[in-house]
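J.: With the numbering used here as the guide, the letters of the sequence shown map in order to residues 643 to 961. There's a structure below that I have some questions on.
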Amino acid sequence: MQQSNLLATPAASRHPFLPRPDRSVAWVCWHSARGSWFLVLIHVGALASLAVSTTLVHWLLLPAFLAMRGLVTTVGYHRYFAHRSFKTSRLFQFILAALCCANLQRGPLYWAAIHRHHHRHSDCPDDAHSPVRGSFFWAYCGWMFASLEEPDWGSVRDLTRFPELVWLERLWLVPGLLLATACWLVGGWGLLCVGFCLSAVLALHVASLVNTVGHLVGSRRYATGDGSRNSFLLAMVTFGDGWHNNHHQYPHAAQAGFFWWEIDGSFRLIRLLGLLGVVWDIRRVPPHKLHPRERRSPETESTLEANARVGGLSSGTPA
Ligand SMILES: [Zn+2]
Ligand SMILES: [Zn+2]
């Protein structure tokens with residue numbers, strides 16, 4: 643795969659819509675359209691839910707589709723492919739990747755590469771989707787519609803050593819097309835629009851909420867040097883990923899909720915899969931590391947946050 647340009651260029655020239663001598667307006671439009679037409683299509687399909695003939699069953703299936711999409715994204719793309727927080731068989735790894743692809747959030751290698759980049763440069767100038775650094779709109783969805791650059795494929799060498807994942811990365815639209823076809827055959831346009839498109843759109847927007855609200859609203863337990871925050875409401879709609887400050891402190895842990903009141907549906911599913919023997923070596927945070935080593939005054943905390951926003955430098959003390 644082609645090596646990254648985006649992640650190796652200076653921050654000042656990073657924004658894809660900044661004029662560059664080697665890129666015409668037509669080139670930018672073509673690549674933007676090529677990288678986001680499927681996003682437009684599922685939004686059109688979701689809107690069509692209001693126009694096509696639907697049944698009560700179609701709408702009752704919507705939460706099931708949504709739960710499936712949410713959990714495969716958090717457990718599969720996020721905690722497994724991006725952070726390798728547990729181990730599994732090669733077969734289940736492929737199944738997980740295929741299920742994730744059906745969410746139409748690109749392939750497993752792309753998702754993992756972009757997300758690892760986010761963790762390396764959280765709320766720094768290089769962060770592809772920081773609501774602290776850039777505009778809320780750009781962090782929420784703009785960056786997805788202007789995916790002009792290749793991600794840093796070198797950052798996912800642990801995944802590219804599996805030929806079947808590289809193959810799936812090239813054909814990442816296929817699982818989504820198969821699921822859409824199955825929905826159409828079983829439930830007609832109603833199930834295609836409500837079950838497939840609307841659930842995919844809602845799952846996409848929930849993922850965008852983590853990228854944005856997860857760095858703006860909520861409390862901070864750890865001084866992570868970025869804007870990450872813990873939010874109960876966000877955690878409820880993201881199956882635990884809303885404990886975002888916890889996650890930024892210990893990104894390789896399979897758990898994002900650290901205490902009993904921090905409900906983490908994804909971790910519960912991972913533990914269940916562990917009990918069934920489907921996954922193993924589940925990475926957890928040792929209990930003695932859950933509490934921040936030092937309590938900082940509100941003034942110190944706000945100063946550290948301001949420094950992080952200005953310089954993007956880590957201010958945290960590892961717990
Ligand atoms: Zn984050
Ligand atoms: Zn993460």
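Glycine is no exception: its CB is placed at the ideal position from the N, C-alpha and C atoms. On a predicted model such as this, the values are computed, not experimentally measured, just so you know.
#1: Using a 10 Å radius around the Cβ and a threshold of 16 neighbouring Cβ atoms, would you call Pro-817 buried or exposed?
#2: Could you compute how far the alpha carbon of Leu-820 sits from the alpha carbon of Val-717?
#3: Residues bridged to Trp-885 by DSSP?
#4: Given 8 Å as the limit, tell me if His-763 has its C-beta closer than that to any heavy atom belonging to ligand 1.
#5: For Ala-754, report the span of its alpha helix (DSSP H) as first-last.
#6: Measuring only from the beta carbon, is His-771 closer than 8 Å to any heavy atom that is part of ligand 2?
#7: For Asn-853, report the span of its alpha helix (DSSP H) as first-last.
#8: I need the DSSP call for Arg-963, collapsed to helix, strand or coil.
#9: Excluding the five sequence neighbours on either side, which residues of its own chain have a C-beta within less than 7 Å of the C-beta of Arg-926, listed in chain order?
#10: Give the C-beta separation of Trp-885 and Gly-899 to the nearest angstrom, bearing in mind that I take them to be a contact with Cβ-Cβ under 8 Å.
#11: Give the straight-line distance between the Cα atoms of His-847 and Ser-777, rounded to the nearest whole angstrom.
#12: Excluding the 5 residues flanking Gly-954 on each side, which residues of the same chain have their C-beta closer than 7 Å to its C-beta?
#13: Just to confirm my understanding: we take Cys-835, look at its own chain, exclude 5 residues before and 5 after, and list those with CB closer than 6 Å. What are they?
#14: For Ser-666, count neighbouring C-beta atoms within 10 Å of its own C-beta (all shown protein chains included) and say buried if the count is 16 or more, exposed if not.
#15: Is there contact here, the stretch 871-885 with the stretch 735-749, by at least three beta-carbon pairs under 8 Å?
#16: Excluding five sequence neighbours on each side, which residues of the same chain lie with their C-beta closer than 6 Å to the C-beta of His-761?
#17: Verify whether the separation of the beta carbon atoms of Gly-749 and Glu-811 is less than 9 Å.
#18: Can you name, in chain order, every residue of its own chain whose Cβ lies under 7 Å from the Cβ of Ala-845, other than the five neighbours on each side?
#19: Give me, in chain order, the residues of the same chain whose beta-carbon lies closer than 6 Å to that of Leu-858; leave out the 5 immediate sequence neighbours on both sides.
#20: For Arg-759 versus Asp-800, is the C-beta spacing smaller than 9 Å?
#21: Just to confirm, is the Cβ distance from Ala-754 to Ala-781 under 9 Å?
#22: If distances are taken between C-alpha atoms only, which option among Gly-796, Gly-837, Tyr-719 comes closest to Ile-684?
#23: Are the CB atoms of Val-879 and Leu-911 nearer to each other than 9 Å?
T.: So, from the data block:
#1: Looking up residue 817 in the sequence shown gives position 175. Buried.
#2: Reading the sequence shown from its first residue, position 178 is the one you call residue 820. Reading the sequence shown from its first residue, position 75 is the one you call residue 717. In a straight line, the C-alpha of Leu-820 is about 22 Å away from that of Val-717.
#3: As a position in the sequence shown, residue 885 is number 243, starting the count at 1. Trp-885 pairs with Asn-872.
#4: The sequence position of residue 763 within the sequence shown is 121, counting from 1. Checking the Cβ of His-763 against ligand 1 gives no.
#5: One-based indexing of the sequence shown puts residue 754 at position 112. In this chain, the alpha helix (DSSP H) harbouring Ala-754 covers 750-762.
#6: Position 129 of the sequence shown, counted from the start, is the residue given in the question as residue 771. Not under cutoff, so the answer is no.
#7: Position 211 of the sequence shown, counted from the start, is the residue given in the question as residue 853. Element bounds for Asn-853: 841-854.
#8: Lying outside 643 to 961, the shown extent of the chain, residue 963 is not represented and no answer is given.
#9: Numbered from its first residue, the sequence shown carries residue 926 at position 284. Same-chain partners within the cutoff: Ala-895, Ala-896, Gln-897.
#10: Working through the sequence shown from its first residue, we reach residue 885 at position 243. Working through the sequence shown from its first residue, we reach residue 899 at position 257. Between Trp-885 and Gly-899 the beta-carbon gap is near 5 Å, inside 8 Å, which marks them as a contact.
#11: In the sequence shown, counting from the first residue as 1, residue 847 sits at position 205. In the sequence shown, counting from the first residue as 1, residue 777 sits at position 135. Ser-777 has its alpha-carbon roughly 16 Å from the corresponding atom of His-847.
#12: Here residue 954 refers to the residue found at position 312 when the sequence shown is read from its first residue. Residue placement at Gly-954 is flagged as unreliable, the pLDDT there being 38, under the threshold of 50; a coordinate-derived value is accordingly withheld.
#13: Reading the sequence shown from its first residue, position 193 is the one you call residue 835. Answer for Cys-835: Gly-687, Ala-690, Ser-691, Val-694, listed in chain order.
#14: Against the sequence shown, residue 666 aligns to sequence position 24. Ser-666 should be labelled exposed.
#15: Contact fails: fewer than three Cβ-Cβ distances are below 8 Å.
#16: As a first step, residue 761 is located in the sequence shown; it is residue number 119 there, counting from the start. So the qualifying residues of the chain are Pro-893.
#17: Numbered from 1 along the sequence shown, position 107 holds the residue referred to as residue 749. Numbered from 1 along the sequence shown, position 169 holds the residue referred to as residue 811. Between Gly-749 and Glu-811, the C-beta spacing is below 9 Å.
#18: Here residue 845 refers to the residue found at position 203 when the sequence shown is read from its first residue. Closer than 7 Å at Cβ, skipping near neighbours: Leu-708, Arg-711, Gly-712, Thr-715, Asn-745.
#19: Here residue 858 corresponds to residue number 216 of the sequence shown, with the count starting at 1. In its chain, beyond the 5 residues on either side, Pro-773 have a beta carbon closer than 6 Å to the beta carbon of Leu-858.
#20: Your numbering for residue 759 matches position 117 in the sequence shown. Your numbering for residue 800 matches position 158 in the sequence shown. Rather than Arg, the amino acid found at residue 759 in this sequence is His. The Cβ-Cβ distance between His-759 and Asp-800 does not fall below 9 Å.
#21: Here residue 754 refers to the residue found at position 112 when the sequence shown is read from its first residue. Here residue 781 refers to the residue found at position 139 when the sequence shown is read from its first residue. Using a Cβ distance threshold of 9 Å, Ala-754 and Ala-781 do not count as a contacting pair.
#22: Looking up residue 684 in the sequence shown gives position 42. That would be Gly-837, whose Cα lies nearest to the Cα of Ile-684.
#23: Counting from 1 along the sequence shown, the entry for residue 879 is found at position 237. Counting from 1 along the sequence shown, the entry for residue 911 is found at position 269. Not in contact: Val-879 and Leu-911 (Cβ atoms no closer than 9 Å).
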